[in-house]
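Numbering (this note's numbering), first residue to last: 1 to 300.
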C-alpha cells in the first residue's frame, strides 16, 4: 500500500494515516528502490543519515554521521547499492555503500569542497544542495560555488559544470541529454543541452524569488517559487511558460508529483497542499494536510 511521508523542520516524519515518528529535523527523505527502507537526513543539530524499516510503520534501523554539517538532501542509486547526501553547511558530499538489506556497509566516501561566489551573504563557502545520480555519475549542485560538481561512483572528481556567477544552483533534473537547473539566487531556470543554454525567469510575479525544487513530469518542468509562493510550469522542450499558479500557502520548499496529484510542502504555512494536474497545470483540490514546517514530500 502506498503511503505519503512528510519530513521537515517539525518533530518527526509524518506518515499520513499512520502517525508521527519522532526524528530530529528530518528535512529530506528518500526510499530504497526495491526494499521497504526509508532514509532521512537530520539537518539541524547532530548531522545524520538514518535508515528506517517501513514495514508496519517506521522502525529505526541505524544512523550515522554524514561527515558534514546541515545535510539537506539524500538520494539512493537506482541499483540500491549506495546513497548520497548533500551537506549544505560546509559543502561536503557523502557517499555510502548499502548492503543487501539496505543497511550501511563499510566506510563512506567523503567528498569535501571549497570555494565561494559573488553573493557574499549566501556564497561565503561551498553549499552542496542536492545529490543526483545520472548516467553513472553523481551530480552535486553547489549553491555556494555556482557549479554542478561531478564524481564517479567511486568518488573520483570529474570536470564540473560551471554556471554564471551568482546563479546559486539548488535543484536539478535530467531528461535525456538535457539538464535543467533551478537557480535559487538568480531566480532563473536554465536548460543546458550540449553547447546550447536557455534560461527563463522562474516566476513572472513582482518581487524577490528564491526557487526551491524543480522536477520534470509529462513533458513539463515544474518549479516551486518562494517569495511569490507559486508553482510555475514550463514546456520542457524550450522552457516556454505554460502556467503559474498560487502554491496554496507560504514558502513552497518542496513538492512531489504522483500520477495526476501534486503535493506542495508549504513550509511557512504548516501544510502540504494537494493539487490535481489537468493537461499539466495544477488545479486546487481544496485539500491540505496540516503538518509543522514541511520540507519534503515522498509518495511511496
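Cβ coordinates follow ideal geometry from the N, Cα and C atoms, glycine included.
Model, not experiment: these values are computed from the prediction.
- Taking C-beta separations shorter than 6 Å and ignoring five residues to either side along the sequence, the partners of residue 282 in its chain run 231, 245, 262 and 275, following chain order.
- Taking residue 10 as the centre and dropping the five residues before and after it, the same chain places the C-beta of 291, 292 and 293 closer than 7 Å to its C-beta, in chain order.
- Here the alpha carbons of residue 73 and residue 23 stand approximately 15 Å from one another.
- In the DSSP annotation of this structure, the continuous segment of the beta strand (DSSP E) that includes residue 152 starts and ends at 147–152.
- Rounded to whole angstroms, residue 128 and residue 138 show a C-alpha spacing of 12 Å.
- The shortest CA-to-CA distance from residue 239 to any of 57, 226 and 180 is the one to 180.
- Pairing residue 33 with residue 80 gives a Cβ-Cβ distance under 8 Å.
- Nearest to residue 161 by C-alpha distance, out of 186, 190, 154 and 184, is 190.
- With fewer than 16 other Cβ atoms from the protein chains shown falling within 10 Å of its own Cβ, residue 158 counts as exposed.
- Closest in alpha carbon position to residue 186, among 212, 176 and 196, is 212.
- Counting along the chain, no beta strand (DSSP E) covers residue 122, and no H or E run does either.
- Within 10 angstroms of the beta-carbon of residue 203 lie 16 or more other beta-carbons, which makes it buried.
- Looking at the DSSP output, residue 35 bridges to nothing.
- Residue 149 and residue 135 have their C-alpha atoms roughly 14 Å apart.
- When DSSP assignments are scanned along the stretch 188–227, the uninterrupted stretches of beta strand (DSSP E) that are 3 or more residues long and fall wholly within it turn out to be 188–193, 196–201, 210–217 and 220–226.
- Assignment of residue 267 by DSSP, reduced to helix, strand and coil, places it in the helix class.
- Selection 259, 184 and 175 evaluated against residue 167 yields 184 as nearest (Cα-Cα).
- With contacts defined as CB atoms closer than 8 Å, residue 252 and residue 271 fail to qualify as a contacting pair.
- Nearest neighbour of residue 109 by Cα position, chosen from 235, 56 and 68, turns out to be 68.
- The continuous beta strand (DSSP E) containing residue 235 extends over residues 230–235.
- Considering only 124, 40 and 297, the residue with the shortest C-alpha distance to residue 50 is 40.
- The straight-line gap separating the alpha-carbon atoms of residue 265 and residue 247 is approximately 9 Å.
- Only exposed fits residue 206, as fewer than 16 other CB atoms lie within 10 angstroms of its CB.
- With a contact defined as Cβ atoms closer than 8 Å, residue 269 and residue 249 qualify at about 4 Å.
- Membership of residue 158 in the beta strand (DSSP E) is indicated by the continuous run 157–162.
- Annotation: residue 63 to residue 46 spans about 11 Å, alpha carbon to alpha carbon.
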